[in-house]
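In my numbering, the protein residues as written are 35 to 654.
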């Protein structure tokens, strides 16, 4: 596998803040590398250095001949009034007909190319940006937080594209599930260093823990040896008969290996103050119509929320999720119907725009204190600020000097400190690192009040949402299944629709007589086509499962052979132990991948089997 890029002994600092020093890594052809690390560690700066938008203070970058980088930045890169077609053509080496052909795989249709790109939803803007990037024909893509503000459908489109992408890419993301499904290596940017790990994000966490345990054990052993040497010197250094031995042992300390075990980052723990006492019903919506001026977005919304209800709102971008959240939070008046807050209930609202309401001269602490409930203590504010990555003197920084992501975290802190009966959160995990997302997830899961959330982070939604509200076709309905089932239906497409009895026959019987036969025939055709597709996919899964069974058996057998080779015939280490261990690692990685694919295939087969049984019942 040819090397595309080598980052050697790189160093970068801004004033007294050192992002990384003497850091090295490489990227090979076809590698899919997830880039992770705490906020502010230097991940985006690294991308800018690779693209030559910024320069290294020290070190060098060796690029393969013919290397062509493509950079998908977080910020928007289009011109005012530019259509999608003009945007994707700019800088592309492919003709427009070929771009549009590729765009069909991303869900872009002719109507999208004619529209101004600024008028599209966030999901379709991302598809256009990705298509433009593909059009430049890079052999190494740099993707900076591409999943932020995407709807589930677009996220799955992007995920599928990256899974099948033949080239190499570096991907910055805090979405653990997205990284698990799209990457085969992890580059950790942390504590001024960079370390590359084989495998996906789950493998990274296992390897990191194992490596740390080994380093700690080795450091403990060396510390014990040093203590023994120093004890010997202290006891015998003054005796003439032992003086030379004492000095010799003292010099051995200089030759002894030095191991630095980096401190484990303090695990974030977010303590959300419990909500103030309120009535049983926190929120009620009755026959609500929502929209803007002449445009209606949602009709006939009926919803009841009580304490402890955790509602996840799902749907495509532009379907009306944010509109519904604004109405719940009292920031959008209904065009019809009623939105009522329960007795003594209060709501707190977070979205990407509330950060714009912060006072620029407030410090981080003052901004959070300004919105905090009167019962919240100053120490509680400091604790939460620390959990949201504002530690030490960071709480004294004025809002005006903060980045957009930092302001967003301040606004989130304001919401969590209000002791509200209902938290309404629109994409709260954006701009948070792994540890903080995990801490927020744990805290919200046990939150005693009501929750309404919108998030692209599947793991976050899966763990928090106890009810699923689907926004589709101008309606808001509770989804009858779990969140995993909803994701499955979006990912693979629903094979059939279970109609309510009598729904198809609404209207006067005289007018529906002719169409009734046509509906019956179309339903029969739909049944046969759906049955055919299900049977075909089940046969494919049977073949796949059998092949994976064999692959896993072969892998286990090969590991046994390599293990025997490693220890030799007489239990002595093999002379080529290093190569054997490396090969065992590759086999183990392949075996783990096969096991994951086998589990996914078996789960899909079980789900499709249930679907087939339901279809048979419906079809008679």
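Note that the Cβ used here is the ideal one computed from N, Cα and C, for glycine as well. Owing to the predicted nature of the structure, the values given are computational and were not obtained by experimental measurement.
Open item on the list: Could you check whether the Cβ of residue 335 sits closer than 7 Å to any heavy atom belonging to the ligand MG?
Closed with: Absent from the structure shown: the ligand MG. Ligands present: none.
Open item on the list: Whole angstroms are fine: how far does the CA of residue 323 sit from the CA of residue 566?
Closed with: 41 Å
- [ ] Pick out the complete alpha helix (DSSP H) segments inside the region 420-469, 4 residues or longer, and give them in chain order.
- [x] 438-450
Open item on the list: From the DSSP secondary-structure annotation, give me the bridge partner or partners of residue 40.
Closed with: 60 and 96
- [ ] Reducing DSSP to helix, strand and coil, say where residue 488 ends up.
- [x] strand
- [ ] Label residue 245 either buried or exposed according to how many other C-beta atoms from any shown protein chain fall within 10 Å of its C-beta, with 16 as the threshold for buried.
- [x] exposed
Task: Check whether residue 465 and residue 113 have beta carbons under 8 Å apart - done: no
- [ ] Look up residue 150 in the DSSP assignment and say whether it is helix, strand or coil.
- [x] Looking at residue 150 - three-state DSSP - the assignment turns out to be strand.
TODO: Would you kindly report the start and end of the unbroken alpha helix (DSSP H) that includes residue 371?
DONE: Unbroken run through residue 371 is the beta strand (DSSP E), 370-375; no alpha helix (DSSP H).
- [ ] Determine which residues share a DSSP beta bridge with residue 232 and list them.
- [x] 219
TODO: Return helix, strand or coil for residue 346, following the three-state DSSP convention.
DONE: strand
TODO: Would you kindly check if the distance between the Cβ of residue 202 and the Cβ of residue 86 is under 8 Å?
DONE: no
Task: Within 8 Å, strictly: CB atoms of residue 334 and residue 315 - done: no
- [ ] Using the Cα positions of residue 163 and residue 248, report the straight-line distance between them to the nearest angstrom.
- [x] 44 Å
Open item on the list: Going by DSSP in three states, residue 145 sits in which element: helix, strand or coil?
Closed with: Here residue 145 sits in helix by DSSP.
Task: Residues near residue 492 by beta carbon distance below 7 Å, same chain, minus five either side - done: 211 and 521
TODO: Within its chain, find whatever has a CB closer than 7 Å to the CB of residue 628; leave out the 5 residues flanking it on each side and keep chain order.
DONE: 582, 585, 586 and 589
- [ ] Taking 8 Å as the cut-off, decide whether the C-beta atoms of residue 178 and residue 206 are in contact.
- [x] yes
TODO: Keeping to the same chain, check which residues put their C-beta closer than 8 Å to that of residue 43; ignore five residues upstream and five downstream.
DONE: 56, 57, 58, 92, 93 and 94
- [ ] Flag this pair as yes or no: are the beta carbons of residue 39 and residue 176 separated by less than 8 Å?
- [x] no
TODO: Entirely within the region 362-411 and at least 3 residues each: give me those beta strand (DSSP E) ranges in chain order.
DONE: 370-375 and 381-384
Task: Nearest residue (CA-CA) to residue 192, options 90, 117 and 161 - done: 161
Task: Closest Cα partner of residue 444 within the set 232, 402 and 165 - done: 402
Open item on the list: Going by DSSP in three states, residue 545 sits in which element: helix, strand or coil?
Closed with: Caution is warranted here: a pLDDT of 33 is assigned to residue 545, below 50, making its placement in the model unreliable, and no coordinate value can be reported.
Open item on the list: I want to know whether the region 503-518 touches the region 373-387 - three or more CB-CB distances under 8 Å.
Closed with: no
Open item on the list: Does any residue of chain D have a CB that is nearer than 8 Å to the CB of residue 327?
Closed with: As a matter of chain content, chain D is missing from the structure shown, which is built from one protein chain.
Task: Own chain residues within Cβ distance below 6 Å of residue 350, not counting five before or after - done: 185 and 187
- [ ] With DSSP collapsed to three states, give me the class of residue 474.
- [x] Reduced to three states, the DSSP call for residue 474 is helix.
Open item on the list: Here's the rule I'm using: 16 or more other beta-carbon atoms within 10 Å means buried, otherwise exposed. How should residue 209 be labelled?
Closed with: buried
- [ ] Let me know if residue 555 comes out buried or exposed under the rule of 16 or more other beta-carbons within 10 Å of its beta-carbon.
- [x] With a pLDDT of only 40 at residue 555, under the threshold of 50, the placement of this residue in the model should not be trusted; the figure read from the coordinates follows. Exposed, since its Cβ has fewer than 16 Cβ neighbours within 10 Å.
- [ ] Could you give the DSSP three-state label for residue 77: helix, strand or coil?
- [x] helix
Task: Same chain only: Cβ atoms within 7 Å of residue 642, ignoring 5 sequence neighbours per side - done: Counting only Cβ-Cβ distances below 7 Å, and skipping sequence neighbours, we find 568, 571 and 572.
Task: Nearest to residue 490 (by Cα), restricted to the options 404, 165 and 463 - done: Closest option to residue 490, Cα to Cα, is 463.
Open item on the list: According to DSSP, is residue 480 part of a helix, a strand, or is it coil?
Closed with: coil
- [ ] Find out if the Cβ-Cβ distance for the pair residue 356, residue 385 is shorter than 8 Å.
- [x] yes
TODO: Look at the alpha carbon of residue 636 and the alpha carbon of residue 644, and state the distance between them as a whole number of angstroms.
DONE: 13 Å
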